[in-house]
Structure formats: C-alpha cells, structure tokens
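Okay, structure first, notes after.
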Amino acid sequence: MDFELNSEQQAVQKMVREFVENEITPNAKQWDIDEKFPMDVWKKMGDLGIVGTSIPEEYEGSGMDFISHAIVAEELGYGCSSMRGTYSVNISLVAKTILQWGNEEQKKKYVVPIALGDAFGCYGLTEPDSGSDAASMRSTAEKDGDYYIINGNKMWITHANSSDVSLIFAKTDKDAGARGITCFLVDKDTPGMNPLPIHGKIGLRAQDTGEISMENVRVHKDQILGPVGKGFAVAMSALDNARFTVSAGCVGTAQAAYDIAKEHAKERVQFGKPIGTRQLVQSLLANMILNIEIGRMLVWRAGCLKNQGVRNTRETSMAKYFCGEMVNKVCYDAMQILGGYSFNNEYDLERMYRDSRINTLYEGTSQIQQLIIGNAELGMPAF
Ligand SMILES: Cc1cc2nc3c(=O)[nH]c(=O)nc-3n(C[C@H](O)[C@H](O)[C@H](O)COP(=O)(O)OP(=O)(O)OC[C@H]3O[C@@H](n4cnc5c(N)ncnc54)[C@H](O)[C@@H]3O)c2cc1C
C-alpha cells in the first residue's frame, strides 16, 4: 500500500494547481455572476492535455491513470465546480462511455474532439418523471427501417444547449423495463432536438444545464452506442466513472473552503486573540480536515481499483456518498468560522457553499448511494 503520489501524478498535480491558480480561481466569481462558461479557458486546458487526462493517447488523450484523473478533478473542484462539472460530464459520462461501448468509428468521431477540448457532450438520462428510477423513463425510439424515431423529454441535462453529441437513452421496447432501453449518439442540430436552458439555479451557474424536448428525432442505427436493449448497462457504467470524478471534485472544493476558513481563523481577532486560538474553532477545523482526508482516501481507493480494472461500484458509491455530504458540511462549518463575512461573495466561500449542494443530489442522491452500498453488502436490492 502506497499513500504517496508517483512522480507523474505529482507533476500533473503541480501543473493543474498552477493552471487553476492563474486561470480559474481569479475568474470563477465573474463566470458565476455572468452565468457563462469560459470556453477559451477550457480550450487552453485541452491544449495542455488536462481535459483528456485518462483518455488513451490513440484518441488524443494523455493516457493517464485514474488517480491522475482524480487529481485533475480535485484541483478543478478547488477553483470552480462548474469547470469540474464540465470535466465530469465530457470525460466521465460521455467520452469514457463511448470508449467502453463504442465501435472504432464512434470513438474516433466523438472521443477525439472531446479529449482535445474542442467538443462537448451530454448525457441524457433523467426525465421530468424519472430521476432515481431511471428505468421508468418514457422516451421512446421506434424502429423505422435503418432508422429510429425518438420522442420524449429529458430534464436537468448538463450541456443540453452546448453539446456536439448527446447520449440519449430511450426505450426501444416499452414492455421490457430496464432491458428495453437503448443508448443513441445524437449529433448537434439533428432536427427535432429542442434544448432549452434552465436558469435560476442555486449553484453551478457558470455551467449550461437544460431540458431537451425530442420530437420525431431521426437517428440512423449506426448511431446506437452498445447493443440494442443494453442502454441501462451503458448508463450505469457511465455513472460509475462520473461518481468518482464528482467525489474527487468534492474533496477539492472542501479543501478550498477549509483553506479560506483556516486563514481567517489565524487573522480574525475577537476578545483580544485570533479566533484560531479558541478550542471550539480548532474543533471545527480539525473535523473539517479529518473528513477531507478521509474523502480523499476513499477517492484514491476507488481510483486504485479502477486502475486494476476490477469492479468498484461499492467503493465508488462510498466515495460519492461520503464526499457529497462531506463537502456540504465542510462549507457550512467554514461559513461558521467566517461569520458574517461568509454571507456575500467577497469570499469565494459563498459560491462554494451554493455549488456544493448539488453533490448529494445528482449522479444518484445520497440515499441512492446508500442503497447501492446496502445491496453490495447484503445482496438484497432495496430499490
Ligand atoms: C444541476 C443538475 C445537473 C444534472 N445533470 C444531469 C445530466 O447531465 N444528465 C442526467 O441524466 N441527469 C442530470 N441531472 C439529474 C439528476 O441526476 C437527478 O436530479 C437525480 O438523479 C435525482 O433524480 P430526481 O431529481 O428526479 O429526484 P427523485 O428521484 O424524484 O428523488 C427525490 C427524493 O426521493 C428519494 N428516493 C427516490 N427513490 C428512492 C428509493 N427507492 N429509496 C429511498 N429514497 C428514494 C431520493 O433519494 C430523493 O431524496 C442533473 C441534475 C441537476 C440538478
């Protein structure tokens, strides 16, 4: 067992940390206010090879391992959760899923531009009436010769309005439950795909979130990702990768909130002494850093299993459940230490607190993660 990063991982950490410090942290507040994603910064990341970190070199990625992938997510989470979210969706939900299930043509066409930072993807699973119970989706894809005709609605889709390719899950057999779902690769501007932005979000405001209505969207059978009827397995495999990335991002955001609180505790004087000398403030800080380090270890353990190519759903869900809750508590406690100064956007903590809220909700709520862990332990699905 080795708790040290190797030299390659350390180099990635150093490079991304510097990039985040120079290009992301100073601008994240304005991106949040403007509700605008910085495409130019994303492209710079692509040029540096830190978008397609864990994508193989033959598809223009950097061929790094999962620990390096987690390091990038952590550092992005430190600076801006919207950027981390885009990394999660483009790489973990979309590119890696195409790598796992796609044919050579699909990999070349879609993974390469995403890895280079030139294209965006989205993952369309959730619908207005199906979230945790994804298999109850209503969208349908009816066969019409060599084509399928997709109808339905998708909800809360990250990159709905900015995607070059959408992974759309729809029922090809309405009576077969989870076994009747198929995944389609739908190109940008395909007639019938109507995305709309969702505004007024509590967090992740720099990121594009939207709904998609699909009206007679005609897609050739060559655009099916994985086998017909295997879409649910495709969707779940994507979530295993994305939950890992989200967990790492939570560690980064929690570390950033902790660092702000720690500095404030050293500088803020009340009752004649820095508040950091007070036992109750030290107790808050001690518990914050303890939980951040537990979260990081859970992420890295899941990453080691992913590197070995062994099943890691249980360990990834543990990391997602723990880190999603942990980052919310750490941001809450950091606000306690900043007192009134936490309550506006002078400090980035205010945005971190808002951005963190999503992490117990998406990619499977905390309750769903508990059910996955419970099932792994007992072999008794509670769904
Ligand atoms: C900003 C944002 C971005 C998102 N991005 C994407 C995306 O890119 N692609 C995509 O497909 N989706 C996306 N989502 C959707 C997200 O994954 C869902 O919101 C999430 O899965 C929860 O589904 P729901 O909102 O329908 O809640 P519901 O499933 O209705 O759950 C509501 C509550 O009921 C609980 N619950 C449900 N079933 C059970 C059960 N069996 N046992 C115990 N408790 C249960 C849940 O834990 C939760 O507390 C995004 C959501 C947001 C807010």
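By the working numbering, the letter at position 16 of the sequence shown is numbered 5, and the numbering carries on one by one without gaps.
We put the CB at the ideal spot given by N, CA and C, even for glycine.
As the structure is a prediction and not an experimental result, all values here were calculated from the model.
Give me the Cα-Cα distance between glutamate 335 and leucine 327, rounded to the nearest whole angstrom.
Whole-angstrom Cα-Cα distance: 11 Å.
Please classify glutamine 271 as buried or exposed, where buried requires at least 16 other C-beta atoms within 10 Å of its C-beta.
Exposed is the call here.
What residues does ligand 1 have around it, judged by CB closer than 5 Å to any heavy atom, in chain order?
Working through the chain, the matches are Tyr112, Leu114, Thr115, Gly120, Ser121, Trp145, Ile146, Thr147, Thr198, Tyr351, Thr354 and Gln356.
Would glycine 166 be called buried (16 or more neighbouring beta carbons within 10 Å of its own) or exposed?
Exposed is the call here.
Rounded to whole angstroms, what's the CA-CA distance from asparagine 140 to alanine 159? Just pull it up for me.
Looking at the two C-alpha atoms, the distance is approximately 8 Å.
Hey, could you find the ends of the alpha helix (DSSP H) leucine 273 is sitting in?
Unbroken alpha helix (DSSP H) run through leucine 273: 268 to 297.
Under the assumption that glycine 113 contacts leucine 156 (Cβ atoms under 8 Å), give the Cβ distance between them as a whole number of angstroms.
Yes, they are in contact, since the Cβ atoms of glycine 113 and leucine 156 sit about 6 Å apart, within 8 Å.
Would you say arginine 290 faces chain D, with C-beta separation under 8 Å as the test?
Chain labels in this structure do not include chain D; a single protein chain is all it has.
Distance, Cα to Cα, threonine 86 vs aspartate -9?
Distance between the alpha carbons of threonine 86 and aspartate -9: 29 Å.
Do you know whose CA, among Gln(-1), His58 and Asp118, lies nearest asparagine 296's CA?
Per the Cα distances, His58.
Glutamine 196 by DSSP, collapsed to three states: which one?
Three-state result, glutamine 196: coil.
Taking the alpha carbon of glycine 172 as the reference point, which residue from Val235, Ile264, Asp162 and Gly199 has its own alpha carbon closest?
Sequence inspection shows cysteine at residue 172; the glycine mentioned does not correspond to that position. That would be Asp162, whose Cα lies nearest to the Cα of cysteine 172.
With a CB to CB cut of under 6 Å and the five nearest residues on each side skipped, what residues in its chain are close to aspartate 54?
Cβ within range, chain order: Asn296.
As an exercise, report each continuous beta strand (DSSP E) stretch of at least 3 residues that is fully enclosed by the stretch 17 to 67, in chain order.
Qualifying beta strand (DSSP E) stretches: none in this window.
My output table needs one value for proline 102: the three-state DSSP class, helix, strand or coil.
DSSP places proline 102 in helix when its eight states are reduced to three.
Is the stretch 314 to 327 touching the stretch 219 to 228 in the sense that three or more CB pairs, one from each, lie closer than 8 Å?
Result no; under three Cβ-Cβ pairs closer than 8 Å.
Could you say which of Arg346, Phe372 and Gly52 lies nearest to glutamine 377 if we only look at CA atoms?
In this structure the chain extends from -10 to 372, so residue 377 is not present and cannot be described.
Quick one: residues in its chain with C-beta nearer than 7 Å to the C-beta of glutamine 325, no 5 flanking neighbours on either side, listed in chain order?
Within the same chain, glutamine 325 has close Cβ partners Leu273.
Which value, in whole angstroms, describes the spacing of the CA atoms of glutamine 196 and glycine 169?
If I take the Cα positions, the gap works out to 32 Å.
Is the separation between the beta-carbon of methionine 203 and that of serine 128 shorter than 8 Å?
Closer than 8 Å, so yes.
Taking just the CA atoms, how far does glycine 192 sit from glutamate 366?
Spanning the two alpha carbons is a distance of roughly 34 Å.
State the start and end residues of the unbroken beta strand (DSSP E) segment that holds glycine 238.
Counting along the chain, glycine 238 falls outside any beta strand (DSSP E), though it belongs to the alpha helix (DSSP H) covering 220 to 256.
Could you give the uninterrupted runs of the alpha helix (DSSP H) lying entirely in the stretch 95 to 142, keeping only those of 4 residues or more?
Taking only runs of at least 4 residues, the alpha helix (DSSP H) segments lying wholly in the stretch 95 to 142 are 101 to 104.
Sort out for me which residues DSSP pairs alanine 159 with in a bridge.
Answer is Thr171.
Take arginine 340 as the anchor and find which of Gln19, Glu12 and Arg6 has the nearest alpha-carbon.
The option with the nearest alpha carbon to arginine 340 is Gln19.
Per DSSP, which residues does glutamine 259 bridge with? Please list them.
For glutamine 259, which the question treats as bridged, DSSP gives the partners Lys262.
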